[in-house]
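One structure is given here, and the rest of the page talks about it.
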Amino acid sequence: MEIKDKKSHALEILRRLEEMYPHAKIALNFNDPYQLLVAVVLSAQCTDKRVNEVTPKVFERFPTPEAMANAPVEEIEELIRPTGFFRNKAKNLKAACKMIVEEFGGEVPRTMEEMLKLPGVARKTANCVLYSAYGEISGIAVDTHVKRLSKRLGLTKHDNPDKIERDLMELIPREKWGEFSFALIRHGREVCKARRPLCDKCGLNDICPSAFKTGPK
DNA sequence: CTCCCGATAT
DNA sequence: ATATCAGGAG
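The numbering of the first sequence is this note's numbering, which starts it at 728 and goes up by one.
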């Protein structure tokens, strides 16, 4: 399949995704920016379902960044163990909360520049938290689903998440960045799956360069 | 590029 | 048995 105009190709994908998933939003449970930050950090290489299973206890035990910052790292590790990478995540969460308390007045920062200072936080996590907690549109969160679908749909040829994000930001209108990301992720989970994509049930298969083919791309 | 890492789907 | 899951750091 040949893509004539990349921009109109992207806009058609966006239009259909909006139609297919009109109310797509974040699937992680949270009540405030701090809780969202914790949930997104835990979601690395882990399903959101499992994150939502452990976060109630985590938020009960550590209701604030102060509580997390002052907790023994071993206690954090035990609560988040099922999410994987638990030693890294626990160490980063404790250090990030310490920084939030000592340098950001106890509040999760509202800017990309400040978010990136937090240990364990890069653009994907920052975009996600800034948009869903504060409504700040700072970029497009490129996770494993966004990466896979962007390549399959011919929206980027890159593997590097930062380069993929730049390609997508060129193609998608800024005010749509948030919902585009959620819709792509939703579509990636339910239809355009990593292992066995359901191309015959996909509403994009007539404009997808990878439809009914095997392999990543 | 490698390491961190548990749980589920295939 | 192996691939995969809302990644990030050294």
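Built from N, CA and C at the ideal position, the CB exists for glycine as well.
On a predicted model such as this, the values are computed, not experimentally measured, just so you know.
Could you check the C-alpha separation between K784 and L806 for me, to the nearest Å? Here residue 784 refers to the residue found at position 57 when the first sequence is read from its first residue. Here residue 806 refers to the residue found at position 79 when the first sequence is read from its first residue. Approximately 7 Å, taken between the alpha carbons.
For R913, count neighbouring Cβ atoms within 10 angstroms of its own Cβ and tell me buried if that reaches 16, exposed if not. As a working mapping, residue 913 is identified with position 186 in the first sequence. Residue burial annotation: R913 is buried, with at least 16 other C-beta atoms found within 10 angstroms of its C-beta.
In the DSSP assignment, the alpha helix (DSSP H) including C773 goes from what residue to what residue? Along the first sequence, one-based indexing puts residue 773 at 46. Boundaries for C773: no alpha helix (DSSP H) harbours it, and the DSSP string shows neither H nor E there.
Distance, I864 Cα to A798 Cα: By one-based count along the first sequence, residue 798 stands at place 71. By one-based count along the first sequence, residue 864 stands at place 137. If I take the Cα positions, the gap works out to 32 Å.
Does K851 pass the burial test, meaning 16 or more other C-beta atoms within 10 Å, or should it be called exposed? Here residue 851 refers to the residue found at position 124 when the first sequence is read from its first residue. Buried, since its Cβ has 16 or more Cβ neighbours within 10 Å.
Which of the three DSSP states is assigned to M728 in this structure? Along the first sequence, one-based indexing puts residue 728 at 1. It is coil, neither helix nor strand.
Evaluate the contact criterion for the stretch 901–916 versus the stretch 737–756: three or more CB pairs, one atom per stretch, below 8 Å. Yes, the stretch 901–916 is in contact with the stretch 737–756.
I'd like the span of the alpha helix (DSSP H) that includes G905, first residue to last. Working through the first sequence from its first residue, we reach residue 905 at position 178. Segment W904 to E917, the alpha helix (DSSP H) holding G905.
Which residues in the same chain have their Cβ closer than 7 Å to the Cβ of V800, if we skip the five residues on either side of it in sequence? The count along the first sequence starts at 1 and reaches residue 800 at position 73. Closer than 7 Å at Cβ, skipping near neighbours: A817, K818 and K821.
With R901 as the anchor, note down where its alpha helix (DSSP H) starts and where it stops. Residue 901 sits at position 174 when you count from the first residue of the first sequence. Element bounds for R901: n/a, residue is neither H nor E.
Return the CA-CA distance between G866 and P936, expressed in angstroms with no decimal places. In the first sequence, counting from the first residue as 1, residue 866 sits at position 139. In the first sequence, counting from the first residue as 1, residue 936 sits at position 209. Each residue's CA atom was taken as its position, placing G866 and P936 some 25 Å apart.
Whole-angstrom distance between D933 and I730, CA atom to CA atom: By 1-based counting over the first sequence, the position of residue 730 is 3. By 1-based counting over the first sequence, the position of residue 933 is 206. In a straight line, the C-alpha of I730 is about 12 Å away from that of D933.
Start-end ranges of the alpha helix (DSSP H) lying completely within the stretch 775–843, minimum 4 residues: Runs found: 775–788, 792–797, 800–807, 813–830 and 839–842.
Can you grab the Cα-Cα spacing for the pair V767 / E906, in whole Å? For the purposes of this step, residue 767 is taken as the residue at position 40 of the first sequence. For the purposes of this step, residue 906 is taken as the residue at position 179 of the first sequence. V767 and E906: Cα-Cα distance of roughly 17 Å.
Roughly how many angstroms separate the alpha carbons of D894 and T883, rounded to a whole number? Position 167 of the first sequence, counted from the start, is the residue given in the question as residue 894. Position 156 of the first sequence, counted from the start, is the residue given in the question as residue 883. Distance between the alpha carbons of D894 and T883 is about 6 Å.
If we count the other Cβ atoms within 10 Å of its Cβ and call it buried at 16 or more, is S877 buried or exposed? Here residue 877 corresponds to residue number 150 of the first sequence, with the count starting at 1. So S877 counts as buried.
Cβ shell of K890 (< 8 Å), same chain only, five flanking positions each side left out: On the first sequence, position 163 is the one that residue 890 refers to. In chain order, T883 place their CB closer than 8 Å to the CB of K890, counting only its own chain and leaving out the 5 sequence neighbours on each side.
Closer than 8 Å by C-beta to G875: which residues in its own chain qualify, once you throw out the five before and the five after it? Chain order, please. Translated into positions along the first sequence, residue 875 becomes position 148. The sequence shown places Arg at residue 875, not Gly. Spatial neighbours of R875 in its own chain (CB-CB distance under 8 Å, excluding positions within 5 residues in sequence) are listed in chain order as G915, C919, A921 and P943.
Outcome for E892 when other beta-carbon atoms lying within 10 angstroms are tallied against a minimum of 16: Numbered from its first residue, the first sequence carries residue 892 at position 165. Label assigned to E892: buried.
Identify whether S877 lies in helix, strand or coil by the three-state DSSP scheme. Looking up residue 877 in the first sequence gives position 150. Helix at S877.
Do A860 and L763 have their C-beta atoms within less than 8 Å of each other? Here the question's residue 860 lines up with position 133 in the first sequence. Here the question's residue 763 lines up with position 36 in the first sequence. Yes, they are a contact pair.
Between L738, D732 and M728, which lies nearest to E902 when the distance is taken from Cα to Cα? In the first sequence, counting from the first residue as 1, residue 902 sits at position 175. Measuring from the Cα of E902, the nearest candidate turns out to be L738.
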